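Enquirer: First residue of the sequence shown: 149, per our numbering; consecutive thereafter.
In this text, a Cβ means the ideal position worked out from N, Cα and C, and glycines have one as well.
These numbers were taken from a predicted model, which means no experiment stands behind them.
Once you've had a glance at the structure underneath, I'll fire off some questions.
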Amino acid sequence: MANMSRYEIIVDGIVQGVGFRPFIHNLAESLSLCGWVNNRGSSVVIEAEGDKDVLDAFVGKIKKEAPVLSHIKSIKVTEREPAGYTGFEIRKSEKSSDEKVYISPDVSICADCERELFDRTDRRYLYPFINCTNCGPRFTIIKDIPYDRINTTMSVFEMCGRCKDEYTDPANRRYHAQPVSCYECGPKLELLDHCGRKPKHVLAQGDVHGDYCGHSAYCHENIRTEKTIIEAKDSISSNAAICPEVQDDGGKKSRFMPKEMLNAIAQAQKLLLNGKIVAIKGLGGYHLACNALDGEAVSRLRQRKLRDEKPFAVMARDYETALKYAYINEQEKELLMSEKKPIVLLRKRENSGLPEEIAPGNPYIGIMLPYTALHILLFHQDIPCLNDPYDDPCRKALHQQDNAHIKALHHDFLHHDIPCQNTKSLATAPELLVMTSGNISSEPICYKDQEAMERLGDVADYFLTNNREIHMRTDDSVIRIFRGKEYPIRRSRGYVPYPVSCEEAVGSICRGKTPSVLACGGELKNTFCINRDYEFIMSHHIGDLENEETLISFEQGIEHLKRLFNIKSDIIAYDLHPEYLSTKYALDQDVDMKKIAVQHHHAHIASCMAENNLTGDVIGVAFDGTGFGEDGHIWGGEFFTGSYAGFKREGHLDYIRMPGGEKAIKEPWRMAVGYIHHMNMMAMNKGAKSQMVSMEQPLFSTVFSGIEEYKLSAVWQVLDKNVNCPLTSSMGRLFDAAASLAGIRHAINYEGQAAIEFEHIAEKSHCGIYPYDMPDVGESFKINVTPMMENIIKDRCCGVSASIISGKFHETIADIVLKACLRIRKRTGLNRVVLSGGVFQNMTLLGKSMDKLEGSGFKVFIHSRVPSNDGGISLGQAMIAIARASGS
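Here's what the structure looks like:
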């Protein structure tokens, strides 16, 4: 044929271990193309031969229809003379000198597996560990490379014949799916009490007590008669309930499922509906679960977990259920139902019946949808609760050699034509569950079974667990949608360890070979980061590095990622703060590694620059709660200019004292007193003693209602004497002080609580702007907000609502952002503004700031791939270290 041709196609990106070769094989065959596909190094190489128009369509379909887990970076097509191929095959992989390893994140159950899960004729019907090439555990089970079953925690489960056939069939959806398994050869689920024992009696709904039996049923290919069933039972287990293969009306093979797994799920459903707390082993660790519609159960979980008011995340049965409790736009819906299945922050519906105990005082709720088969089954209404197998009619029929009776019973069970005689009842399932990390507050999530029993035994009433080991603990990701795009709060399951590509940014600072950096992150919301050229592999969420358990998790995570990606770092980057455990870890490492200290807020700005692939100088606005400054003070309300290689501090909030140091973080009223004391000092310096505030004035009883007088007096004296009063320019502390002065709250139970609640009550309409000063001090400026604080106090004493005060406060801070950037632009000519830091998780402030900046012609950049909080600074540290090491 005149139009015949051959294309050599090289596909680069994340295209291995994601079902790409079977996809190419099946696509080529569907288009009647001949040739082959294989892995070569980190690429997929395709030789396809056929009609040229069809080949062009083939390339187009590769781009449009690639597996959901793949990420194509480039496709290179070279046309060649036909080679006379016949058929299309998957060839053996080839090594390459530039081979790169990519590991897929854990992926939510796919539509095909969910369909099979509820197909009564499928051998994985109701199987809680169903998966395929397109879904299931990945990062959490891999121990080493290459990504083969032997190097995962599935290595202890030998594949049965049928699973092996699927695993080795290129046309099968489970071709080279390392976690593939079934009832016969896979992990087993069980329910245990809080002491780790199998409960004999579990409270069922309506006070029905059902025996919980530890018996298992297995499927066997060659069992065809009662005689062989009875002979086979002794080779499996004297306690096994053997259930035969049967035929449904369509002639398809059907199977019974193991009793223990079904009972475990059904009993867990009943326990949850009866107010019990169940620790559920998931992909990356244990969740603590309870019925989210049972306020008493939620309160009990709070008490046991030592989590007073910090919002809990919930898992909804499905999208329709989530819609009952929250407002969801199209982008939020897409994210909720994506393969990542993160927790999505959504606005609560009014009068939905959602208990206030889930997220006290918060108009938002974090909702996720089920992302494993087990999760789906926990919400499923028709999980049968089975009797002991030796008492059921099927078992008796086996001994009576009544094959017709067996078939009839199994047919009835599978199709629910009549209530099956060996089921007690169909369990009613919950529709909404609290699913919070399985830990005591401040500790890392539990992921090892013994550890979970020891640490969570006083929290959970029961454990729904399994014998598939988790190798790397991973928390759920938390994302919100801001102006149609993802705005990460916590980047973990579903995202890690996909690399963040910063090719343009790295190319601008490094002309030769890119050095490999280990960036250790900060103390709060810790992540670490390693790079391979311009690809930055950020770790899963480690947590707050404040105790030995979390430090161990941090160290284990570093060693694991370095081993997986075969990276030996040349440089180690760390935060300036000398007391951070991440800093101490860095300084204790190999003396041959170059060590680079990075200022906290510079790292914030660099992280946002990197994910946006920015080059050159920018204006950076970094607002957060804390960060060690180059002058030894605590920074956090910063305006910079510069790039990865360095920065200049153009301006900042004026320093204020933090009475009691870290106590002022947990007790915002201390910061409020600190600002009042600062007002007095400024008035005294101006000689305006009449403007000074006296401790005896009525405003203290109004503004600080509920705070004992002796505490106020003690803090005032501490400020007078300047004892344990570190200086800070933190925007987070300014929010705390304003929230306290407005009467929102004087003490917090979790990080940022006062500021969060202050935002949520803000009046949406324009309320005006409070006064402030921005005097130049040498080549920089300081922002004096004491006029604003004075007016907040006046408003409070005059009875102005906290909502109006909050609205004016947010408008004022956004105005400060604009005026500061205008001043910097006038001085430098820079027009690009980068907004980063945990305070910019405040959507009201972020939105107002962007509107004002863009309205004045600035180009504004924010986060969409890594968190704006301290969970993102490891990326910035790595970029800064590369720039400095490269002499940029």
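Excluding sequence positions up to five away, which residues of its chain have a Cβ less than 6 Å from the Cβ of R641?
Expert: Taking the first residue of the sequence shown as position 1, residue 641 is located at position 493. So the list reads D254, G432, T622, D624, S625, once near-sequence residues are dropped.
Enquirer: What residues in its chain sit with their C-beta under 6 Å from that of Y918, if we drop five residues either side in the sequence?
Expert: On the sequence shown, residue 918 is found 770 positions in, with the first residue counted as 1. Excluding sequence neighbours, Y918 sits near M936, N939, K956, T960.
Enquirer: If you drop the 5 nearest sequence neighbours on each side, which residues of the same chain put their C-beta closer than 6 Å to that of F171?
Expert: Within the sequence shown, numbered from 1, the residue matching residue 171 stands at position 23. Contacts found: P215.
Enquirer: Would you call the stretch 514 to 530 and the stretch 274 to 283 in contact, with 3 or more CB pairs under 8 Å?
Expert: Yes, the stretch 514 to 530 is in contact with the stretch 274 to 283.
Enquirer: With 16 other CB atoms within 10 Å as the buried threshold, where does C343 fall?
Expert: Locating residue 343 in the sequence shown gives position 195, counting from the first residue. By the neighbour-count rule (16 or more Cβ atoms within 10 Å), C343 is not buried but exposed.
Enquirer: Quick one: what does DSSP say R154 is sitting in, helix, strand or coil?
Expert: Along the sequence shown, read from residue 1 onward, the residue named residue 154 stands at position 6. Residue state, collapsed to three classes: strand.
Enquirer: Look up F1006 in the DSSP assignment and say whether it is helix, strand or coil.
Expert: Locating residue 1006 in the sequence shown gives position 858, counting from the first residue. Correct three-state label for F1006: coil.
Enquirer: Can the beta-carbon of I220 be found closer than 8 Å to that of G165?
Expert: In the sequence shown, the residue the question calls residue 220 occupies position 72. In the sequence shown, the residue the question calls residue 165 occupies position 17. Not in contact: I220 and G165 (Cβ atoms no closer than 8 Å).
Enquirer: Using only the alpha-carbon positions, how far apart do G777 and L724 sit?
Expert: Locating residue 777 in the sequence shown gives position 629, counting from the first residue. Locating residue 724 in the sequence shown gives position 576, counting from the first residue. So the two alpha carbons sit approximately 8 Å from each other.
Enquirer: If contacts are defined as beta-carbon pairs under 8 Å, then Y803 and T876 qualify, I think. What distance do you get, rounded to the angstrom?
Expert: The residue you call residue 803 lines up with position 655 of the sequence shown. The residue you call residue 876 lines up with position 728 of the sequence shown. Sure, about 7 Å apart at Cβ, within 8 Å.
Enquirer: Counting C-beta neighbours from all protein chains within 10 Å, is the total for T281 16 or more, i.e. buried, or is it exposed?
Expert: To locate residue 281, count along the sequence shown from 1; it is residue 133. Counting Cβ neighbours within 10 Å, T281 comes out buried, since at least 16 surround it.
Enquirer: At a cut of 8 Å, does the stretch 677 to 694 reach the stretch 883 to 894 through at least three beta carbon pairs?
Expert: At 8 Å Cβ cutoff, the stretches do not touch.
Enquirer: For V159, which of L994, V225, L181 has the nearest alpha-carbon?
Expert: Translated into the one-based positions of the sequence shown, residue 159 becomes position 11. For the residues L994, V225, L181, the minimum Cα distance to V159 belongs to V225.
Enquirer: Just to confirm before moving on: does the CB-CB distance between G670 and I1021 stay below 8 Å?
Expert: Against the sequence shown, residue 670 aligns to sequence position 522. Against the sequence shown, residue 1021 aligns to sequence position 873. Contact: yes.
Enquirer: Check whether the stretch 1017 to 1031 and the stretch 633 to 653 touch, using three or more Cβ-Cβ pairs below 8 Å as the test.
Expert: Touching, yes.
Enquirer: For Q417, count neighbouring Cβ atoms within 10 angstroms of its own Cβ and tell me buried if that reaches 16, exposed if not.
Expert: For the purposes of this step, residue 417 is taken as residue 269 along the sequence shown, with counting starting at 1. When all chains shown are included, Q417 counts as buried.
Enquirer: Specify, as a first and last residue, the run of the alpha helix (DSSP H) that K211 falls within.
Expert: Start at 1 with the first residue of the sequence shown, and residue 211 comes out as number 63. Note, K211: alpha helix (DSSP H), 200 to 213.
Enquirer: Using a Cβ-Cβ cut-off of 7 Å (strictly less than) and excluding sequence neighbours within five positions of C658, which residues of its own chain qualify?
Expert: For this step, residue 658 is matched to residue 510 along the sequence shown. Hits under 7 Å: I1030, S1034.
Enquirer: The alpha helix (DSSP H) with S861 in it runs from where to where?
Expert: Working through the sequence shown from its first residue, we reach residue 861 at position 713. That run of the alpha helix (DSSP H) goes 857 to 869.
Enquirer: DSSP on M936, reduced to helix/strand/coil?
Expert: As a working mapping, residue 936 is identified with position 788 in the sequence shown. Three-state DSSP puts M936 in a helix.
Enquirer: Considering Cα atoms alone, identify which of E786, E810, Y792, D868 is closest to H103.
Expert: An answer regarding residue 103 cannot be provided, because it is not within the stretch 149 to 1036 covered by the chain.
Enquirer: Can you tell which of K336, E444, V202, I278 has the C-alpha that lies nearest to the C-alpha of N422?
Expert: Position 274 of the sequence shown, counted from the start, is the residue given in the question as residue 422. Checking every option, the nearest Cα to that of N422 belongs to E444.
Enquirer: I'd like the list of long-range same chain contacts for L801, defined as Cβ closer than 6 Å, with 5 residues on each side in sequence excluded.
Expert: Along the sequence shown, one-based indexing puts residue 801 at 653. Closer than 6 Å at Cβ, skipping near neighbours: G785, S877, I931.
Enquirer: Rounded to whole angstroms, how far is the Cβ of E617 from the Cβ of Q901, which I believe are closer than 8 Å?
Expert: Position 469 of the sequence shown, counting from 1, holds the residue named residue 617. Position 753 of the sequence shown, counting from 1, holds the residue named residue 901. Actually they are not in contact, since the Cβ atoms of E617 and Q901 sit about 37 Å apart, beyond 8 Å.
Enquirer: Give the DSSP-derived three-state secondary structure of S888 in the structure shown.
Expert: As a working mapping, residue 888 is identified with position 740 in the sequence shown. It is helical.
Enquirer: Taking C-alpha atoms, which residue in L993, I257, F460, A758 lies nearest to E911?
Expert: Taking the first residue of the sequence shown as 1, we reach residue 911 at position 763. Per the Cα distances, L993.
Enquirer: How would you label K673, buried or exposed, when you count the other beta carbons within 10 angstroms and need 16 or more for buried?
Expert: Counted from its first residue, the sequence shown places residue 673 at position 525. The residue is buried, with at least 16 neighbouring Cβ atoms inside 10 Å.
Enquirer: Tell me the residue span of the alpha helix (DSSP H) that contains Y519.
Expert: In the sequence shown, residue 519 corresponds to position 371, counting from 1. Note, Y519: premise wrong, no alpha helix (DSSP H); not H, not E.
Enquirer: With DSSP as the reference, label S954 as helix, strand or coil.
Expert: If you number the sequence shown from 1, residue 954 lands on position 806. In this structure, S954 counts as helix in the three-state DSSP scheme.
Enquirer: For the pair the stretch 970 to 984 and the stretch 759 to 767, tell me if three or more CB-CB distances fall below 8 Å.
Expert: Touching, yes, given that three or more Cβ pairs across the two stretches are closer than 8 Å.
Enquirer: Can you name, in chain order, every residue of its own chain whose Cβ lies under 7 Å from the Cβ of A745, other than the five neighbours on each side?
Expert: For this step, residue 745 is matched to residue 597 along the sequence shown. Hits under 7 Å: Y722, L724.
Enquirer: Got a sec, what are the start and stop residues for the beta strand (DSSP E) Y823 sits in?
Expert: Numbered from 1 along the sequence shown, position 675 holds the residue referred to as residue 823. Run containing Y823: none in the beta strand (DSSP E); it sits in the alpha helix (DSSP H), 816 to 833.
Enquirer: When burial is assigned at 16 or more other CB atoms within 10 Å of the CB, is R797 buried or exposed?
Expert: Here residue 797 corresponds to residue number 649 of the sequence shown, with the count starting at 1. By the neighbour-count rule (16 or more Cβ atoms within 10 Å), R797 is buried.
Enquirer: Can you give me the start and stop residues for the alpha helix (DSSP H) that L699 sits inside?
Expert: The residue labelled residue 699 in the question sits at position 551 within the sequence shown. Per DSSP, L699 belongs to the alpha helix (DSSP H) from 696 to 712.
Enquirer: Could you tell me the distance, in whole angstroms, from the CA atom of A885 to the CA atom of P816?
Expert: The residue given as residue 885 occupies position 737 in the sequence shown. The residue given as residue 816 occupies position 668 in the sequence shown. Rounded to the nearest angstrom, the two C-alpha atoms are 6 Å apart.
Enquirer: With DSSP collapsed to three states, give me the class of M686.
Expert: The residue labelled residue 686 in the question sits at position 538 within the sequence shown. Here M686 sits in strand by DSSP.
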